[in-house]
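J.:
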Amino acid sequence: MITTLLIFFPLLAGAVLLAMRRGKAAFGLSLAAAAGELVLSLYALSGFRSNAERQFEVNVSWIKSMGISFHAGMDGISLLLVLLTTFLSVIIIMTSYRRTFNKPALFYALIMFMEGGLVGVFTAADGFLFYVFWELALIPVYFICLMWGGEGRERITLKFFIYTLAGSLLLLLGLLYLYLKTPVPHSFDITALYEVPLTSSEQVWIFWAMFIAFAIKMPVFPFHTWQPDTYTAAPAQGTMLLSGIMLKMGVYGLIRWLIPVVPAGIQEWGYTALLLSVTGIVYASAIAIVQRDFKRLIAYSSIAHVGLISAGVFSLNLQGLQGAVVQMLSHGVNVVGLFFVADILLLRTGTNDISGMGGIRNRAPWFATVFMIILLGAVALPLTNGFVGEFLLLGAIYQRHAWMTAAAGLSVILGAVYMLNSYQKIMLGENNTKAAGFRDLDLHEKIIFIPVVAMVIGMGVYPAPILRIAEPALKAILVHAGLA
Amino acid sequence: MEPIIIVSLLGVTALLSEMFGFKKVLLPLLILGMAAALCFNQSHWGVNTSYYHDMLLVNNYSVAFSSLLIVVAGIWLVFSGPYFTEIAFRADRAAIIMFSLTGALVMISFSNLVMLFLGIEILSISMYILAGSNKKDPASNEAALKYLLMGAFATAFLLFGITLVYGVTGTFSLAGIADHVMSGRQQLPALMHTGILLMMVGMAFKVAAVPFHFWAPDVYEGAPNEVTSFMMTIVKTAAMGAFFRLFSTCFAAAGGTWPLILSVISALTILTGNIIALYQQNVKRMLAYSSIAHAGYLLMAVVAMNQHSAGALLFYLAAYAAATLPAFAVLSALAANGEGTGTEAFRGLAKRNPLYAFAMAVSLLSLAGIPPAAGFFAKYYLFVAAFQSHYIWLAITGVAGSLAGVYYYFRIITAMYISRGSRDETPIHASLPVRVMLLIVIAATVILGIFPGLLADYF
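Shown next as structure tokens:
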């Protein structure tokens, strides 16, 4: 029941917003809806039993003749990602406070639709349902980028859409093939898909179809070329949705679908995937260092971070998956915080060009402190959330391929280089003309940053609950795949 | 049987309206008549009846497709108000439309090759006239002439094929031919296979499949907008329905090379249509090429030829019609406003008429095959059918084609929702019936996209 509510409540809220003629109340309404959704997900958390089972299950037949059912529920992994989605949705909506938009009602309606789609992706226990939500989450963000984006958005959003749709279609082909291999009557149910007997060459084909789909979404090198442009051209809230939540769909897909369905395919090609992920880390970090646009810098750092997460997943041990889950949450919180920082900078100085700024710290101590904390989370300083995830991930990769850890570990060092460097150029140094009129954070911005900062520190100091919630489900997946 | 009679009588009524001067109420009258035809048609559900010594056979297949044709024609009439505004031509045009619908109904109820031929001719001759019904427009005249010449060419192929099949089997009746094929499967003469291939070529001409598609872009572009919309929906539905009926009852068991050749035709049609559409600046011509691509998808149903094919075909045609009709309603409205049919005409449409833009966007999403629009399931069912019959390469081609489709469909969506550079901000007015019908058709697209079983499990 609660899963159904979690999926449909935001969709319903979106429909109500869509029907609104005037946009004045849209912000308040969508914030209230997102807050309600957050409360719902916390309620689910309170009722969650810490075992591997799929809980709060709903399973009704949807299209009988095709073996498709509306089957959804939450195990530990799903629950954590749903919590991330509902938490960040509230934050993201709040960051739009007092920003002026064309057609605000439509804007917030699309955010709510997106939230519904994302929750659907993270809870679906039917291959087809997963695919439909996967697509459903894409359309709102496409329109958000298209209608409220910046320079060059026509070309960029089209590229983004076609790129991700190409991945989706590969995923569809893979799922379809699996479906037709299930015993008659065919079924898309997750249990049926997990049990499909496949030859090793079939596993390889399906591995690549699914891996490319997920890799495009995350994105993993070399499927990342849509990402920097899209993140830069999208409006701040769109970028936050894309980077904070949407890319987790790809990682989630790896854990939920790829590993259990094609374990032999992963045994054969997982090393290549690991290699690609690690290559992406080094490549994206190196590019991030030379970026002058702060938003673009975060975009490349995001590729590096997600590369590490994906490498952790492909190390195929419990620690790697644990690290991936923790790091998904941390990265979601941190990247949304960073993009909000970028948005504030853009709003107050009119630019995101790093070299054009400087000396802001003297004028805005609050802003400087908050920025510093989030940044430390992003560079994985101990006692911040980034540290827990990266530590687990690097340890996991070490167990698999020792020398690759060296390359992956570069991400920590290079990350510190470009992050601290950008902080230095933006915040420290001589007073710059652009910093002259820089206002410190006002009340509502503080209200937004407080939970973000609290998460950065809280998850860093005491990550045990997250690990505890995720562990049984992750173990079950590894056991199913014969990896543990 | 009653629907065929009623619709042809409606055609006569339309002619009489000229004499007796009730042209003002003609369109509502036609819609009422079609509603009656629909009711009669549905009453045949579940019963197989044959008429005139097995010339026509009404079964579930023909009932389902007849209903689809009648509903689509009714919606088309509501959207096509502008086509009938010129009072002088109203009766003639309406009559020809009704006669062509009669032909379409015959084409999907035939159980004798003679009736197939008659149905095709009734439909085609009406369409030759309608294509040229914009008398003062040279493009329209050109379209009519091209359509006539190529149509005659295709008919010749079809007739030749029918002759050869008759020569082998000694009968025109579908049941007779099917019996012959079943009993003598091992030793069917080469003449029979030649006949099948010739009929296939004839039908491929009619549905504008590559490489028999050359007439289609010019005809679709030159004909008046409403007529093009009619061709893409009614004519396509009838032709595909007849194609499938013919091959599934008679030739499925014959074997030979036709499935292979048809699968290649299908793949080529998908790729050619989608790739050429990428380069079109004129939306009408783009839709023409995309219509060719969709014919390729539809042929997948004939190629796959399994228990899901008929349902998949029906669903695809319904979804395609539900997307094409609103798209052309918007296109005609812009064209009637004197803005042409280029991509530029759509720029900033979301500001000028949000409903039009929304309807167009949903239609294009459906044509592109994005969930939750009906077009997604339409493609999905066909891919499943192709997969099941082991045409995996064909399904992959279809997927690749639909990826290309996204590019040109989304270009229009982008143009509509980005106001920058739009020349004109003046609102465009839409009449009440058109607005209501647009909402109904959009709702149908979305509902069919969420609950496809409503239609696809019809059989």
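Protein chains in written order, with the numbering used here: chain A, 1 to 484; chain B, 485 to 943. Glycine residues also receive a C-beta, built at the ideal position from the N, C-alpha and C atoms.
#1: Report yes if the CB atom of A/P260 is closer than 8 Å to the CB atom of A/H480, and no otherwise.
#2: Going along the chain, which residues of its own chain have a beta-carbon closer than 7 Å to the beta-carbon of A/F387, five neighbours each way excluded?
#3: Quick check on the burial criterion: 16 or more other C-beta atoms within 10 angstroms. Buried or exposed for B/Q791?
#4: Under DSSP, the beta strand (DSSP E) around A/E471 begins and ends at which residues?
#5: Is there a C-beta anywhere in chain B that falls below 8 Å from the one on A/V204?
#6: B/A870 to B/M591, Cα distance in whole Å?
#7: Compare the C-alpha of B/M684 against each of B/G668, B/G654 and B/G740 and name the closest.
#8: Strictly below 7 Å CB to CB, what residues from chain B border A/L180?
#9: Could you pull the DSSP bridge partners for A/D189 from this structure?
#10: Could you compute how far the alpha carbon of A/K248 sits from the alpha carbon of A/L375?
#11: Can you list the residues of chain B that A/M147 reaches, using a CB-CB cut of under 9 Å?
#12: Can you tell me the Cα-Cα spacing of A/E151 and A/G238, whole angstroms?
#13: Counting along the chain, where does the beta strand (DSSP E) carrying B/Y535 start and finish?
#14: Go ahead and pull the three-state DSSP assignment for B/V868.
#15: To the nearest whole angstrom, what separates the beta carbons of A/F207 and A/V262, a pair I think is in contact under 8 Å?
#16: Identify the continuous alpha helix (DSSP H) that holds A/E445 and give its terminal residues.
#17: Who are the neighbours of B/L887 on chain A, taking C-beta pairs under 9 Å?
#18: Taking C-alpha atoms, which residue in A/L478, A/L5 and A/V341 lies nearest to A/A264?
#19: For my contact list, A/G377 and A/T384 are in at a C-beta cut-off of 8 Å; report their separation, rounded to the angstrom.
#20: Mapping the DSSP letters down to three states, classify B/L541 as helix, strand or coil.
#21: What separation, rounded to the nearest whole angstrom, lies between the Cα atoms of A/Q55 and A/S61?
#22: Is any beta-carbon of chain A found at less than 8 Å from that of B/D941?
#23: Tell whether a beta-carbon distance below 8 Å holds between A/A33 and A/A13.
#24: Apart from the five residues just before and just after B/L607, which ones in its own chain have a Cβ nearer than 7 Å to its Cβ?
#25: Do B/S624 and B/S593 have their C-beta atoms within less than 8 Å of each other?
#26: Check the Cβ-Cβ distances between B/V787 and every residue of chain A, and say whether any is below 8 Å.
#27: For my contact list, B/V652 and B/G679 are in at a C-beta cut-off of 8 Å; report their separation, rounded to the angstrom.
#28: For B/M591, report the span of its alpha helix (DSSP H) as first-last.
#29: Just to confirm, is the Cβ distance from A/I63 to B/P838 under 8 Å?
#30: Can you check which of these residues, A/A304, A/N59 and A/P472, is closest to A/V220 by C-alpha distance?
#31: Mind listing, in chain order, the continuous alpha helix (DSSP H) runs of no fewer than 4 residues lying wholly within the stretch 288-368 of chain A?
#32: Would you decide whether A/P10 is buried or exposed? Buried here means 16 or more other CB atoms lie within 10 Å of its CB.
#33: For the stretch 672-706 of chain B, list every residue whose C-beta sits within 9 Å of some C-beta in chain A, in sequence order.
#34: Pick out whichever of A/T405, A/P465, A/I447 and A/S285 has its Cα sitting closest to the Cα of A/N421.
#35: Going by DSSP, which residues form a beta bridge with B/G826?
#36: Starting from A/Q55, follow the alpha helix (DSSP H) in both directions and report where the run begins and ends.
T.: In short, the structure shows the following:
#1: Yes, these two residues count as a Cβ contact at 8 Å.
#2: A380, L381 and G460
#3: So B/Q791 counts as exposed.
#4: Here A/E471 belongs to no beta strand (DSSP E); instead the alpha helix (DSSP H) covers A464 to H480.
#5: no
#6: 25 Å
#7: B/G740
#8: Residues of chain B passing the Cβ test: F871 and Q872.
#9: A/D126
#10: 20 Å
#11: A834, Y901 and I902
#12: 14 Å
#13: Run containing B/Y535: T533 to Y535, per the beta strand (DSSP E) assignment.
#14: helix
#15: With a contact defined as Cβ atoms closer than 8 Å, A/F207 and A/V262 qualify at about 5 Å.
#16: L443 to V461
#17: I162, L165, A166 and L169
#18: A/L478
#19: 4 Å
#20: strand
#21: 18 Å
#22: yes
#23: For the pair A/A33 and A/A13, the CB atoms are nearer than the 8 Å cut-off.
#24: Counting only Cβ-Cβ distances below 7 Å, and skipping sequence neighbours, we find S584, G587, A588, M591, V719 and A722.
#25: Cβ atoms of B/S624 and B/S593: not closer than 8 Å.
#26: no
#27: Your pair B/V652 and B/G679 checks out as a contact, with CB atoms roughly 7 Å apart and the cut at 8 Å.
#28: Run containing B/M591: I571 to S593, per the alpha helix (DSSP H) assignment.
#29: no
#30: A/A304
#31: 294-314, 318-349 and 360-363
#32: buried
#33: none
#34: A/S285
#35: B/N766
#36: First-last for A/Q55: Q55 to I63, but that is the beta strand (DSSP E), not the alpha helix (DSSP H).
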